[in-house]
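A.B. asks: One structure, as structure tokens, below. Some questions next.
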Amino acid sequence: DAGITQSPRHKVTETGTPVTLRCHQTENHRYMYWYRQDPGHGLRLIHYSYGVKDTDKGEVSDGYSVSRSKTEDFLLTLESATSSQTSVYFCATLGQGAEAFFGQGTRLTVV
Amino acid sequence: GIQVEQSPPDLILQEGANSTLRCNFSDSVNNLQWFHQNPWGQLINLFYIPSGTKQNGRLSATTVATERYSLLYISSSQTTDSGVYFCAVWPGGNNRLAFGKGNQVVVIP
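Dropping the structure here:
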């Protein structure tokens, strides 16, 4: 499997604070994606990147921003965390042959 | 964007039974994958199958790209097959990797 690491794996934060989740890959994959998973909703795309400094919005991008200053890192920032952003967040990368790989997920709780 | 539909949404199986999960997609794709999300939340790659047929143990998958669907077969199901199965497709280029809503499978002993 691809070397994809998400950090932190678990986080509890307070409403109104900014939070940054990190996705780090060692495979030099061009495409990277952030999803959130909530009961009854499957995997919903937040933002994605198709290269360094090239990003685009997904279906649930409000309240989130991303940055990709180098190939290996894709950061997801919750500008001012709300309870509705309590979720499990997954990062994915798309590699050679267009095969996707997932990180282990980050469980975020906003209290 | 591309639409992905999976059916059935929920499936309960007796251990030892066979089943078929279906994924329909609305446009041509460069990539189609099946994932299994286990009870611990991990997303496991099952098949990378933009076309053709592949087998891995009791699981096999077939994608008919020209007709825009893929099938995942589970034979002689075991309780460890329980979980959610996701189909994901990528049209290529600077497009999103799109997921279906998943098939929730429960295998009872």
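Residue numbers (the working numbering), protein chains in the order written: chain A, 1031 to 1141; chain B, 2 to 110.
Beta carbons are placed, not taken as given, at the ideal position from N, Cα and C, and that holds for glycine.
What you are looking at is a predicted structure, and each value in this text was computed from that prediction instead of being measured.
Can you find a C-beta in chain B that's less than 8 Å from the C-beta of phenylalanine 1120 (chain A)?
C.D. replies: As a first step, residue 1120 (chain A) must be located in the first sequence, where it is residue number 90. Chain B contact via Cβ: present.
A.B. asks: Would you mind reading off the limits of the beta strand (DSSP E) that contains lysine 1041 (chain A)?
C.D. replies: As a first step, residue 1041 (chain A) must be located in the first sequence, where it is residue number 11. Per DSSP, lysine 1041 (chain A) belongs to the beta strand (DSSP E) from 1040 to 1043.
A.B. asks: Let's test the definition: count the other Cβ atoms within 10 Å of the Cβ of isoleucine 1076 (chain A) and tell me whether it reaches 16, buried, or not, exposed.
C.D. replies: One-based indexing of the first sequence puts residue 1076 (chain A) at position 46. So isoleucine 1076 (chain A) ends up on the buried side.
A.B. asks: Give me the chain A residues within the contact set of glycine 58 (chain B), using Cβ-Cβ distance strictly less than 8 Å, ordered along the chain.
C.D. replies: Here residue 58 (chain B) is taken as the residue at index 57 of the second sequence, counted from 1. Per Cβ cutoff of 8 Å: no residues; glycine 58 (chain B) is ~18 Å from chain A at best.
A.B. asks: Do you know how far the Cα of threonine 1045 (chain A) is from the Cα of proline 1069 (chain A)?
C.D. replies: For this step, residue 1069 (chain A) is matched to residue 39 along the first sequence. For this step, residue 1045 (chain A) is matched to residue 15 along the first sequence. Spanning the two alpha carbons is a distance of roughly 21 Å.
A.B. asks: Is the beta carbon of glutamine 1115 (chain A) sitting closer than 8 Å to the one on glutamine 1036 (chain A)?
C.D. replies: As a working mapping, residue 1115 (chain A) is identified with position 85 in the first sequence. As a working mapping, residue 1036 (chain A) is identified with position 6 in the first sequence. No; because the gap between Cβ atoms is not below 8 Å, this pair is not in contact.
A.B. asks: Check for me: the beta strand (DSSP E) holding glycine 1072 (chain A) runs from which residue to which?
C.D. replies: Residue mapping note: residue 1072 (chain A) aligns to position 42 of the first sequence, counting from 1. Glycine 1072 (chain A) -> beta strand (DSSP E) spans 1072 to 1081.
A.B. asks: Kindly say whether aspartate 1073 (chain A), judged by its beta-carbon, lies nearer than 8 Å to any beta-carbon of chain B.
C.D. replies: Taking the first residue of the first sequence as 1, we reach residue 1073 (chain A) at position 43. Note on identity: in this sequence residue 1073 (chain A) is leucine, with aspartate being the wrong assignment. True, the Cβ-Cβ gap to chain B drops below 8 Å.
A.B. asks: Within 8 Å (strictly less), CB to CB, does leucine 47 (chain B) reach chain A?
C.D. replies: Walking along the second sequence from the start, residue 47 (chain B) turns up at place 46. False, the Cβ-Cβ gap to chain A never drops below 8 Å.
A.B. asks: Where leucine 1108 (chain A) and glutamine 105 (chain B) are concerned, what is the direct C-alpha to C-alpha distance, given to the nearest angstrom?
C.D. replies: Position 78 of the first sequence, counted from the start, is the residue given in the question as residue 1108 (chain A). Position 104 of the second sequence, counted from the start, is the residue given in the question as residue 105 (chain B). Straight-line Cα distance between these residues: approximately 30 Å.
A.B. asks: Can you check which of these residues, B:Leu98, B:Thr67 and B:Gly58, is closest to aspartate 82 (chain B) by C-alpha distance?
C.D. replies: Translated into positions along the second sequence, residue 82 (chain B) becomes position 81. It is B:Gly58 whose Cα lies nearest to the Cα of aspartate 82 (chain B).
A.B. asks: Applying a beta-carbon distance threshold of less than 7 Å, which residues of chain A neighbour lysine 102 (chain B)?
C.D. replies: Along the second sequence, read from residue 1 onward, the residue named residue 102 (chain B) stands at position 101. The contacting residues are Gly1072.
A.B. asks: With DSSP collapsed to three states, give me the class of glycine 2 (chain B).
C.D. replies: Position 1 of the second sequence holds residue 2 (chain B). In the structure shown, glycine 2 (chain B) sits in coil (DSSP, three-state: anything other than H, G, I, E or B).
A.B. asks: Is the separation between the beta-carbon of arginine 1066 (chain A) and that of valine 1118 (chain A) shorter than 8 Å?
C.D. replies: Taking the first sequence and counting its residues from 1, the one referred to as residue 1066 (chain A) is at position 36. Taking the first sequence and counting its residues from 1, the one referred to as residue 1118 (chain A) is at position 88. Cβ atoms of arginine 1066 (chain A) and valine 1118 (chain A): closer than 8 Å.
A.B. asks: Using the C-alpha atoms, what's the distance from valine 1140 (chain A) back to arginine 1074 (chain A)?
C.D. replies: Position 44 of the first sequence, counted from the first residue, corresponds to residue 1074 (chain A). Position 110 of the first sequence, counted from the first residue, corresponds to residue 1140 (chain A). For arginine 1074 (chain A) and valine 1140 (chain A), the distance between alpha carbons rounds to 19 Å.
A.B. asks: I'd like the span of the beta strand (DSSP E) that includes threonine 1139 (chain A), first residue to last.
C.D. replies: Counting from 1 along the first sequence, the entry for residue 1139 (chain A) is found at position 109. That run of the beta strand (DSSP E) goes 1136 to 1140.
A.B. asks: What did DSSP end up calling phenylalanine 1114 (chain A) once you bin it into helix, strand or coil?
C.D. replies: Within the first sequence, the letter at position 84 stands for residue 1114 (chain A). The sequence given here has serine at residue 1114 (chain A), not phenylalanine. Serine 1114 (chain A): helix per DSSP, three-state reduction.
A.B. asks: At the 8 Å Cβ level, is glycine 42 (chain B) part of the contact set with chain A, yes or no?
C.D. replies: Within the second sequence, residue 42 (chain B) is the residue found at index 41, counting from 1. Yes, contact with chain A.
A.B. asks: Have a look at A:Ser1113, A:Tyr1080 and A:Gly1072 and flag the residue whose alpha-carbon is nearest the alpha-carbon of valine 1098 (chain A).
C.D. replies: Position 68 of the first sequence holds residue 1098 (chain A). The sequence given here places arginine at residue 1098 (chain A); valine does not occur at that position. With distances taken between Cα atoms, arginine 1098 (chain A) lies closest to A:Tyr1080.
A.B. asks: Compare the beta carbon distance of leucine 1106 (chain A) and tyrosine 1094 (chain A) with 8 Å and say whether it is the shorter of the two.
C.D. replies: Locating residue 1106 (chain A) in the first sequence gives position 76, where the first residue counts as 1. Locating residue 1094 (chain A) in the first sequence gives position 64, where the first residue counts as 1. Going by C-beta atoms, leucine 1106 (chain A) is nearer than 8 Å to tyrosine 1094 (chain A).
A.B. asks: Taking 6 Å as the limit between beta carbons, can you name the residues of its chain near threonine 63 (chain B), skipping five residues before and five after?
C.D. replies: One-based indexing of the second sequence puts residue 63 (chain B) at position 62. Same-chain partners within the cutoff: Thr54 and Leu72.
A.B. asks: Taking the C-alpha atoms as reference points, what is the distance between leucine 60 (chain B) and glutamine 15 (chain B)?
C.D. replies: Numbered from its first residue, the second sequence carries residue 60 (chain B) at position 59. Numbered from its first residue, the second sequence carries residue 15 (chain B) at position 14. Cα-Cα distance, rounded: 16 Å.
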